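Residue numbers (the numbering used here), protein chains in the order written: chain S, 2 to 577; chain E, 1106 to 1539.
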């Protein structure tokens, strides 16, 4: 993940988290405020309902008093108490009185409880209202709620009853007004509020008809156990207040509903604003991340590029110092480090050159000293033979010249080797069968390995079939393998086993040459490929250096695994 | 004989004369009448009112004893199938045309043809001969009915009769003005004019009708009322309702509260199609309510809700419908009163058009769609009338509820010159104080 992506994600996460947090807190505060306001509005409406209920009740009581005090009813009471008991003439009296007093319900009921006149259901005259004679003094009862039967159903009424003396009995005047939608319409219902009066006794009363599951469940619960309940869902908050009649039977439930649409709208607005701010934050984060990244990562990327160049060997690379901050300090330190590295490298190169020349001089001196000494002895023998015994000089001369020629050949060979190492040409790549090269090289050394007087060396070829051809210089590969085999044979003067193994690995092939010789110490392993370094008495120290040079020119690698007394294994990996 | 019995029965049910006639009758003055039900036609066959306008007259009239009296015909004789009437001389129509057999025959033939297809009327001078292949025992009753009045029409005058009043102005459904006919053969009537208006409150009326039910109009002090004999049958008609359900409703309906309270005792409980005063046997159909039996029948039937239609503009029928619905509810049936037609049930009001019991029963049978049930009626045999009515009622297509009279309020200044009760209120017998 790039630094720019990290910066972008950090800024975006910070902005989004902050916005979400603010939105959540604001939403919670708004919700709490709305709920508090809903509760206050509901309480105020309920208070107003009860006030209107009481006012209407007082009005109903006053009007029933007026009806009872009217001449017509007073005369009726007198007549009923006297000899005239015909009630037919009063059939429509209740309707007229109810109209006069603006009452929705009015019944004039005789001492036996039989309806004499009914305003709300005129046809019901003669039917009994048995509950009326049960109470003697209705005035103390006050106004109460009652389910009034009507021709086409029932209605909820605010009822008052008064009694008049009619002879030995009483004339009951009972009536009132409907508690219905018209009543509810007089309440100051604020916007977003709704008031319903659910009459639980009505034939068509079904909680399901209330329009919402919340209201339905609420009404059902209140019907099961009459009590004031408040519940809310995402759409509304509803408070249910039960109303009972004289016998404590549940007659109606007042439902005060506060719509939460406004709250939902506000929440949506907050969420929308938060989303917009979040998106803006993301965009700003994106721009900031680009700006910050470009400001911060440009020197770092420059520094990284410089590091890569150093890693690639260009040690003289310098990082641009564009600021005085930590990154600038880092660039300055990097430049100082590369300067020191270059200085150290130069010193090391110089030291290594000196060491190499010393080693070369030592090796040359060592190599040349051996043939030079016989040459010197031979020349001195010739001089002595010329002076001491001239008769034998010719014979000595022949022998000495042959020796001199042999040693000169030896010198020539030594010089040729050095010359070959110096002349290492660039590889000429062809398609080379590595297995075939291995077989040829082993065959080349067969005679040497089987030579009389030499300890036997067992050769084993473990060549993988899937190792086909590779792009390589066949002569250089062959030369490198020869050097490794020769090196292995030199490591096994007491005989042993030589194993050559090829294998195919992903994108590469490997070639291993193992011996069971005396092995190498770690220090020896470390310097093994240094030119002119040898562990042998008569080696030039160029064999493995040549092998490494060949492998390196083929973009391959060479490694060695060895332990003293357990032999060594050289492993070459080349591109397939 | 039977005619006389019905007449006596009718008379016995009539209230006393509305006006005492404390002073001597006087000539002159105008009478204002206000009627709630508008008249749309002056054709005597279409007018079903207890108020007799006195514009057109019949050949004969039926007196309080049920006997035929001369009116436009002064004499008659018959052999059962042929009737010969001698017309009153020196009678002229309101337009001055003399009454002759030729001028009377068309109206008489048109009236008789409605009930007797084979009847013929021959005119000769002042003699009218009515001939029929069948014996018409109640021809005199028919000839006394308003529909058999002798009258003519012209473009200017919808009703030209020979009666004591002539039509002075006529606006159908709005008003009718009558003026005294000075050339009336029986002498000029007391009143100079009569103005009849339709609808309440337009004029201060001397006479106005009182619809059934509680008074909705305050009667001025001293106002008398005059009621006719029961003239209209209010019945519950089952339009497609099953007969057992109609039977249950008949058992559930308590007629007494309807008569006593809803009609304020101006009426009679109806258990039969014809009223007691007309048939003489209506009491035989009387049965008390049996709510228990009605419940059983309804429980067996388990009927759905029934719609009971009543005329939307008739508050009395509405109250009757509501009471019937209440009675039905007690029996377990749901009846919904409806001020529109097309209900399963309907409240019908059938006015009597004559004093002819068989004819009225036949007419009611026709209204019930059962004309064949009354086809075998023999007017001379009361048993057959009873049987026919019994058969009609046993079908449970109609439940008679109440018989209603026509009732009028009469101002104190209005007096009846003839004190006897009548089947109709004749304008020519009224006079007014100044």
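Positions of the beta carbon are idealized from the N, C-alpha and C atoms, including for glycine.
Please read all numbers here as calculations on a predicted model, not as lab measurements.
(request) Select from E:1263, E:1196, E:1248 and E:1184 the residue whose C-alpha is nearest the C-alpha of residue 1174 of chain E. (result) Along the second chain, one-based indexing puts residue 1174 of chain E at 69. With distances taken between Cα atoms, residue 1174 of chain E lies closest to E:1248.
(request) State yes or no: is the beta carbon of residue 127 of chain S nearer than 9 Å to at least one beta carbon in chain E? (result) Numbered from its first residue, the first chain carries residue 127 of chain S at position 126. It does; some Cβ of chain E falls within 9 Å.
(request) Verify the CB distance criterion: does residue 1365 of chain E have a CB-CB separation below 9 Å to chain S? (result) Here residue 1365 of chain E corresponds to residue number 260 of the second chain, with the count starting at 1. For residue 1365 of chain E, the answer is yes, since a Cβ of chain S falls inside 9 Å of its Cβ.
(message) Within a Cβ cutoff of 8 Å, which residues of the same chain sit near residue 197 of chain S, ignoring the five residues on either side of it in sequence?
(response) Here residue 197 of chain S is taken as the residue at index 196 of the first chain, counted from 1. Excluding sequence neighbours, residue 197 of chain S sits near 185, 211, 216, 255, 256 and 258.
(request) Label residue 12 of chain S either buried or exposed according to how many other C-beta atoms from any shown protein chain fall within 10 Å of its C-beta, with 16 as the threshold for buried. (result) Working through the first chain from its first residue, we reach residue 12 of chain S at position 11. Counting Cβ neighbours within 10 Å, residue 12 of chain S comes out buried, since at least 16 surround it.
(request) Check the Cβ of residue 112 of chain S against every Cβ in chain C and list those closer than 7 Å, keeping chain order. (result) Annotation note: the requested chain C is absent from the structure, which comprises protein chains S and E.
(request) Mind checking who residue 562 of chain S pairs with in its DSSP beta bridge? (result) Counted from its first residue, the first chain places residue 562 of chain S at position 561. Answer is S:570.
(message) Can you pull out the residues from the region 1413–1439 of chain E whose beta carbon lies closer than 8 Å to at least one beta carbon of chain S?
(response) 1424, 1427, 1428, 1430 and 1431
(request) Identify whether residue 1363 of chain E lies in helix, strand or coil by the three-state DSSP scheme. (result) Residue 1363 of chain E sits at position 258 when you count from the first residue of the second chain. If DSSP states are grouped into helix, strand and coil, residue 1363 of chain E belongs with the helices.
(request) For residue 1369 of chain E, return the contacting residues in chain S, with the cut-off set at a CB-CB distance below 8 Å. (result) For the purposes of this step, residue 1369 of chain E is taken as residue 264 along the second chain, with counting starting at 1. Here the neighbours are 89, 90 and 92.
(request) Return the CA-CA distance between residue 48 of chain S and residue 96 of chain S, expressed in angstroms with no decimal places. (result) Position 47 of the first chain, counting from 1, holds the residue named residue 48 of chain S. Position 95 of the first chain, counting from 1, holds the residue named residue 96 of chain S. If you take the alpha carbons of residue 48 of chain S and residue 96 of chain S, they lie about 33 Å apart.
(message) For residue 1536 of chain E, list the residues DSSP reports as bridge partners.
(response) In the second chain, the residue the question calls residue 1536 of chain E occupies position 431. The partner list for residue 1536 of chain E (beta bridge, DSSP) reads E:1520.
(message) What would DSSP say about residue 260 of chain S, mapped onto helix, strand or coil?
(response) One-based indexing of the first chain puts residue 260 of chain S at position 259. Strand.
(request) Kindly indicate if chain S contains any beta-carbon less than 9 Å away from that of residue 1318 of chain E. (result) Translated into the one-based positions of the second chain, residue 1318 of chain E becomes position 213. Chain S contact via Cβ: present.
(message) I'd like to know whether the C-beta atoms of residue 1357 of chain E and residue 1396 of chain E end up nearer to each other than 9 Å.
(response) Residue numbering aside, residue 1357 of chain E sits at position 252 when the second chain is read from its first letter. Residue numbering aside, residue 1396 of chain E sits at position 291 when the second chain is read from its first letter. Result yes, Cβ atoms of residue 1357 of chain E and residue 1396 of chain E sit closer than 9 Å.
(message) Is the beta carbon of residue 1337 of chain E closer than 9 Å to that of residue 1521 of chain E?
(response) Within the second chain, the letter at position 416 stands for residue 1521 of chain E. Within the second chain, the letter at position 232 stands for residue 1337 of chain E. It is not a contact, given that the beta carbons lie outside the stated cut-off.
(message) Going by beta-carbon coordinates alone, are residue 1216 of chain E and residue 1233 of chain E separated by less than 9 Å?
(response) Taking the first residue of the second chain as position 1, residue 1216 of chain E is located at position 111. Taking the first residue of the second chain as position 1, residue 1233 of chain E is located at position 128. No, they are not a contact pair.
(request) Determine which residues share a DSSP beta bridge with residue 194 of chain S and list them. (result) The residue you call residue 194 of chain S lines up with position 193 of the first chain. S:259.
(request) Note down, in chain order, each residue of its chain lying with its Cβ closer than 7 Å to the Cβ of residue 1310 of chain E, except the 5 sequence neighbours on either side. (result) Within the second chain, numbered from 1, the residue matching residue 1310 of chain E stands at position 205. Result list for residue 1310 of chain E: 1137, 1138 and 1139, in chain order.
(message) By the DSSP assignment, the beta strand (DSSP E) with residue 458 of chain S in it spans what residues?
(response) Along the first chain, read from residue 1 onward, the residue named residue 458 of chain S stands at position 457. Looking at the DSSP string, the run of the beta strand (DSSP E) that includes residue 458 of chain S is 458–463.
(message) Are the CB atoms of residue 65 of chain S and residue 246 of chain S within a distance shorter than 9 Å?
(response) What you label residue 246 of chain S is simply residue 245 of the first chain in a count that begins at 1. What you label residue 65 of chain S is simply residue 64 of the first chain in a count that begins at 1. In this structure, residue 65 of chain S does not lie closer than 9 Å to residue 246 of chain S by Cβ.
(request) Could you list which residues in chain E have their beta carbon closer than 8 Å to that of residue 123 of chain S, in chain order? (result) Within the first chain, residue 123 of chain S is the residue found at index 122, counting from 1. Per Cβ cutoff of 8 Å: 1424 and 1427.
(request) Drop a sphere of 10 angstroms on the beta-carbon of residue 1376 of chain E, count the other beta-carbons inside from all chains shown, and report buried for 16 or more, exposed for fewer. (result) For the purposes of this step, residue 1376 of chain E is taken as the residue at position 271 of the second chain. The residue is buried, with at least 16 neighbouring Cβ atoms inside 10 Å.
(message) Which residues in chain S have a C-beta closer than 8 Å to the C-beta of residue 1362 of chain E? List them in chain order.
(response) Your numbering for residue 1362 of chain E matches position 257 in the second chain. Here the neighbours are 126 and 127.
(message) Rounding to the nearest angstrom, what Cα-Cα distance links residue 163 of chain S and residue 1271 of chain E in this structure?
(response) If you number the first chain from 1, residue 163 of chain S lands on position 162. If you number the second chain from 1, residue 1271 of chain E lands on position 166. Their backbone Cα atoms lie some 59 Å apart in a straight line.
(request) Taking C-beta pairs closer than 8 Å, name the residues in chain E that residue 152 of chain S reaches, listed in chain order. (result) As a first step, residue 152 of chain S is located in the first chain; it is residue number 151 there, counting from the start. Per Cβ cutoff of 8 Å: 1427, 1430, 1431 and 1442.
(message) Ignoring anything shorter than 3 residues, give me the beta strand (DSSP E) runs that lie fully in the region 1326–1356 of chain E, in order along the chain.
(response) 1329–1332 and 1337–1343
(message) Using only the alpha-carbon positions, how far apart do residue 1452 of chain E and residue 1390 of chain E sit?
(response) Here residue 1452 of chain E refers to the residue found at position 347 of the second chain. Here residue 1390 of chain E refers to the residue found at position 285 of the second chain. Near 20 Å, if we compare the C-alpha coordinates of residue 1390 of chain E and residue 1452 of chain E.
(request) Taking only runs that begin and end inside the region 137–188 of chain S, name each unbroken beta strand (DSSP E) of 3 or more residues, in chain order. (result) 145–151, 154–167 and 170–179
(message) Give me the residue from S:218, S:555, S:497 and S:326 with the minimum Cα distance to residue 569 of chain S.
(response) For the purposes of this step, residue 569 of chain S is taken as the residue at position 568 of the first chain. Closest by alpha carbon: S:497.
(message) Going by DSSP, what residue range makes up the alpha helix (DSSP H) through residue 1188 of chain E?
(response) Taking the first residue of the second chain as position 1, residue 1188 of chain E is located at position 83. Taken as a continuous stretch (DSSP letters only), residue 1188 of chain E belongs to no alpha helix (DSSP H), being part of the beta strand (DSSP E) at 1187–1192.
(request) With DSSP as the reference, label residue 413 of chain S as helix, strand or coil. (result) Numbered from its first residue, the first chain carries residue 413 of chain S at position 412. Three-state DSSP puts residue 413 of chain S in a helix.
(message) Once the 5 residues before and after residue 561 of chain S are set aside, which same chain residues still bring their CB inside 8 Å of it?
(response) The sequence position of residue 561 of chain S within the first chain is 560, counting from 1. The residues are 521, 526, 529, 569, 570, 571 and 572.
(message) Measuring straight from C-alpha to C-alpha, what distance separates residue 1380 of chain E and residue 1387 of chain E?
(response) Numbered from its first residue, the second chain carries residue 1380 of chain E at position 275. Numbered from its first residue, the second chain carries residue 1387 of chain E at position 282. Going from the Cα of residue 1380 of chain E to the Cα of residue 1387 of chain E covers about 6 Å.
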